[in-house]
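Shown next, in structure tokens, is the structure this report addresses.
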Amino acid sequence: MTHTDGVVTMEIIDTKVGDSGEYKCVAINPLGKAETSSVVIVEDRRHQSELPQVEVTKSAGKKPEPKPLPSASKSLGPPDARSRQSTRELMPLQSDALMHPPKFTKELKDVIASDGEPLQLNCHVSGDPLPQIVWTKNGKKLTSSDVIDIKYNSLIRRLAMPDLYLMSMTSDDVNFLPFLVQTICGSGSPLT
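Count along the sequence shown from 1, add 368, and you get the number used in this note's numbering.
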């Protein structure tokens, strides 16, 4: 599993009231740690008041003028900037001066969702060495199953729970789904 772009996504396809809780992302590498969290409240549809109808109209006006794209002559980085990903093909960098502890460049936000709606939490993390993603729920590691779908590609880390049916819970029973970002060079344990 690789994590080269810094995008971390957790998705629940069909939320239920029992999905309410605190969702946390903790990033750890040998140089330090960072964390971000989100409180998610999933409201039962039976207890929601009906929202007033809103009508959207298009008003006449001047179209915005397209702007030319900036020149692509800027360099994307120094010529020796490359991933510290642990592969045999990459040569070690000349200097470790670019290494840095994890930092969230986009943090999680609190969310209020309705029962049955999809939920997606996104955050962006940077760090050198590059991090790996470990998903946990109540301190237990999650893996793909009939209930949970975890997908990895070069751009998005996604956890989907398409058919999660949980009973309504009290505030004492709130589920927590922290997930831990571990670095390739370090190990850690899920923090809740």
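The C-beta atom is built at its ideal place from N, Cα and C for all residues, glycine as well.
This structure is a prediction, so every number in the text was calculated from the model and none was measured.
Taking the straight line between their C-alpha atoms, what separation do you get for residue i and residue j?
i      : j      : result
Glu411 : Leu487 : 12 Å
Ile396 : Asp496 : 10 Å
Leu476 : Glu379 : 13 Å
Ser405 : Ala465 : 29 Å
Val407 : Ile480 : 8 Å
Should residue i and residue j be called a contact, given that it needs their Cβ atoms to be closer than 7 Å?
i      : j      : result
Val493 : Gly374 : yes
Lys471 : Ala402 : yes
Near residue i, which residues of its chain fall below 8 Å by C-beta distance, leaving aside the five closest residues on each side in sequence?
i      : result
Arg413 : Ser482, Asp483, Gly484
His468 : Leu399, Ser494, Gly495, Asp496
Leu444 : Any answer about Leu444 is weak, because its pLDDT of 45 lies below 50 and its placement is not dependable; what the coordinates show is given next. Closer than 8 Å at Cβ, skipping near neighbours: no residue.
By Cβ distance, which residues of its chain are closer than 6 Å to residue i, with the 5 residues on each side in sequence left out?
i      : result
Asp387 : Ile380, Val410
Asp478 : Ser406, Val407
Quick one: what's got a C-beta closer than 7 Å to residue i's C-beta in the same chain, skipping five residues either side?
i      : result
Glu457 : A caution first: Glu457 carries a pLDDT of 45, below 50, which makes its placement in the model too unreliable to give a value.
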